[in-house]
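Trainee: So the sequences go chain by chain: E and G.
Per the working numbering, the first sequence starts with residue 742, numbered consecutively.
Per the working numbering, the second sequence starts with residue 72, numbered consecutively.
Idealized CB from N, CA, C, for every residue including glycine.
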Amino acid sequence: MSKRNWAILVAVILVATFGWLLYGGLNKNVVFFLTPKELVAKGANGYDVPVRLGGMVVPGSVQWNEKTLDLRFRVTDDSDTVAVHSTGAPPQMFQPGMGVVVEGKYERAGVFQATNLMVKHSNEYHPPRPGEKPEEMYKTLMKGGAS
Amino acid sequence: MTTVAPTLEAPRAGRWTAFGVVSIALLVATQAFAFVSSPPDENMGQLEKILYVHVPAAWVMFVCFAIVLVYSLLFLWKGREEDDLVAAAAAEAGAVFNGLTLILGMIWGKPAWGVWWVWDARLTSTLVLFLVFVGYLALRAFVEDPQRRGQWSAAVGILGALNVPIVWMSVTWWRTLHQMPSSMQSMAKIYWLGMFANFGAMLLVMAYFIRRRYEAAAVARAAEHAAQAAALGGLD
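1) What are the residues that DSSP puts in a beta bridge with Ala-855 (chain E)?
2) When the Cα atoms are used, what is the spatial distance from Met-834 (chain E) to Ser-257 (chain G)?
3) Closest to Gly-165 (chain G) by C-alpha separation, out of G:Phe-146, G:Leu-202, G:Glu-152 and G:Glu-153, would be which residue?
4) Cβ atoms of Asn-234 (chain G) and Phe-146 (chain G): under 9 Å apart, would you say?
5) Taking DSSP's pairing of strands, which residues face Arg-793 (chain E) in a bridge?
6) Kindly say whether Thr-832 (chain E), judged by its beta-carbon, lies nearer than 9 Å to any beta-carbon of chain G.
7) Which residues, in order along the region 202–218 of chain G, keep a beta-carbon less than 8 Å from a beta-carbon of chain E?
8) On the three-state DSSP scale, how would you describe Asp-154 (chain G)?
9) List the DSSP bridge partners of Lys-861 (chain E).
10) Starting from Leu-812 (chain E), trace the beta strand (DSSP E) both ways and give me its first and last residue.
11) Just the Cα atoms here: how many angstroms apart are Leu-194 (chain G) and Pro-236 (chain G)?
12) At 7 Å on the CB atoms, spell out the chain E contacts of Leu-248 (chain G), in chain order.
13) Give a yes or no on whether the minimum CB-CB distance between His-890 (chain E) and chain G is below 9 Å.
14) How about Glu-295 (chain G): is its C-beta nearer than 9 Å to some C-beta of chain E?
15) Given this structure, state the Cα-to-Cα distance separating Thr-247 (chain G) from Arg-745 (chain E), to the nearest angstrom.
16) For Met-255 (chain G), is the classification buried or exposed, using 16 other Cβ atoms within 10 angstroms of its Cβ as the cut-off for buried?
17) What does Val-825 (chain E) pair with, by DSSP beta-bridge criteria?
18) Going by C-alpha distance, which of E:Thr-828, E:Val-756, E:Leu-858 and E:His-862 is nearest Val-792 (chain E)?
19) In terms of DSSP beta bridges, what is Val-772 (chain E) paired with?
20) Based on the DSSP output, what are the partners of Asn-806 (chain E) in its beta bridges?
21) Which value, in whole angstroms, describes the spacing of the CA atoms of Thr-776 (chain E) and Val-798 (chain E)?
22) Can you tell which of G:Ala-96, G:Ala-103, G:Ser-94 and G:Ile-95 has the C-alpha that lies nearest to the C-alpha of Leu-264 (chain G)?
23) Going by beta-carbon coordinates alone, are Ile-281 (chain G) and Ala-128 (chain G) separated by less than 9 Å?
24) For a test of the three-state rule: what should DSSP assign to Gly-185 (chain G), helix, strand or coil?
25) Going along the chain, which residues of its own chain have a beta-carbon closer than 7 Å to the beta-carbon of Ala-183 (chain G), five neighbours each way excluded?
26) Under a three-way DSSP split, which group does Val-93 (chain G) fall into?
27) For the alpha helix (DSSP H) that contains Ile-261 (chain G), what are its first and last residues?
28) For Met-251 (chain G), go through chain E and note every residue whose CB falls closer than 7 Å to its CB, in chain order.
29) Per DSSP, what kind of secondary structure is Gly-116 (chain G) in: helix, strand or coil?
30) Please tell me whether Arg-813 (chain E) has its Cβ less than 9 Å away from any Cβ of chain G.
31) From G:Ala-96, G:Trp-130 and G:Ala-226, pick the residue whose C-alpha is nearest to that of Val-167 (chain G); which is it?
32) If you reduce the DSSP assignment to three classes, tell me which class Val-798 (chain E) lands in.
33) With a Cβ-Cβ cutoff of 9 Å, do Asp-821 (chain E) and Val-790 (chain E) count as a contact?
34) Hey, could you find the ends of the alpha helix (DSSP H) Ile-121 (chain G) is sitting in?
35) Report yes if the CB atom of Val-205 (chain G) is closer than 9 Å to the CB atom of Ser-94 (chain G), and no otherwise.
36) The alpha helix (DSSP H) that contains Ala-782 (chain E), what's its start and end?
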């Protein structure tokens, strides 16, 4: 191997190490969303700032108004629970017990006003159990409101 | 400076045609198998069909960039021009599979998550990987001298490949919208079967792509060598 190639290899290793350190430093900051526990723990600092909140939709908490397109539900991480209000039809896979990430602001009244609602799919993939029809679950949910 | 071998033999075309036909036919078959055999998922329904392209394409892209890493190191070590060309061919194939992964992921994301794109660690790092290798290919087009081209692209190729474990681990290291890797428990056997079958077939297609792109590059280089030799008055 020539001197020049050694120099290139050494440069690459240096830059790579630097990159890894950088990534490591970012580690604590690259958080796509806060959990309800983390948001609540922020106290007053958590209010009225744009933030993403992620957690599980509490079964039985979903209230959907077909006329006003008002959607209310609670998001939990088993430690704390935050009430969420959003407008518009949710993504098709939205359902109680599902993970969601909402973008918006946590208001002092204790309600998270969501401007954007995303479903966080788990890594579970299973065929429906006997009697379940995936296409109909969403329809039932949207019609029935509370689950 | 390492010396580039004065003659680079152009590989014979045609040998790999049968291999290519068989691998592409196999991929069509495994796609059809997965499509027919897999029941709709309990939550996402027929959307799960996208898994059989998105996931194998992502795995194959990792394999491509691993090949880039190995051949870039080989080139820096031994200075054989062929190794540089293999690395470049693998980078081309890798960029294609990387693009496929991103596009199908977005098509899946819109109905499943409700958004086409988010800047979470997995999606961002996968896009960075794609851009690095597009940059790698652009760099090759800009550098005229084959020796320098090989050295610089080896450096970029190695750095780009080091991003692979970051992409792979991103969902574990950071909190992302993208789901974590599934396990044998969290995913039904029939879905795994479809994914592995398609991964196998796609690996063969990848090998075919890399071989063909390598052949094309080697033929072009051999022609350049011949032109150079002729310009020097047939000193060869």
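Mentor: In terms of the structure at hand:
1) Residue pairing by DSSP places Ala-855 (chain E) opposite E:Gly-845 in a beta bridge.
2) 18 Å
3) When each option's Cα is compared against that of Gly-165 (chain G), the closest is G:Leu-202.
4) One thing to note: Phe-146 (chain G) has its Cβ no nearer than 9 Å to the Cβ of Asn-234 (chain G).
5) E:Glu-844
6) The residue asked about is misnamed: residue 832 (chain E) is Pro in this sequence, not Thr. By this cut-off, Pro-832 (chain E) is an interface position.
7) none
8) helix
9) E:Gly-840
10) Where Leu-812 (chain E) is concerned, the enclosing beta strand (DSSP E) stretches over 811–817.
11) 14 Å
12) Phe-773, Val-842, Met-859 and Lys-861
13) Since the displayed chain E opens at 742 and closes at 888, residue 890 (chain E) lies outside it and no answer follows.
14) no
15) Their Cα atoms are separated by approximately 41 Å.
16) exposed
17) E:Phe-814 and E:Phe-853
18) E:Leu-858
19) G:Arg-246
20) E:Asp-811
21) Those two C-alpha atoms are separated by around 12 Å.
22) G:Ala-103
23) Taking 9 Å as the Cβ cut-off, Ile-281 (chain G) and Ala-128 (chain G) do not qualify as a contacting pair.
24) coil
25) Met-115 and Leu-118
26) helix
27) Note, Ile-261 (chain G): alpha helix (DSSP H), 260–302.
28) Ordered by position in chain E, the residues that pass the 7 Å Cβ test against Met-251 (chain G) are Asn-864.
29) Strand.
30) no
31) G:Trp-130
32) strand
33) no
34) Neither: Ile-121 (chain G) is in no alpha helix (DSSP H) and is coded neither H nor E.
35) no
36) Here the alpha helix (DSSP H) through Ala-782 (chain E) covers 777–782.
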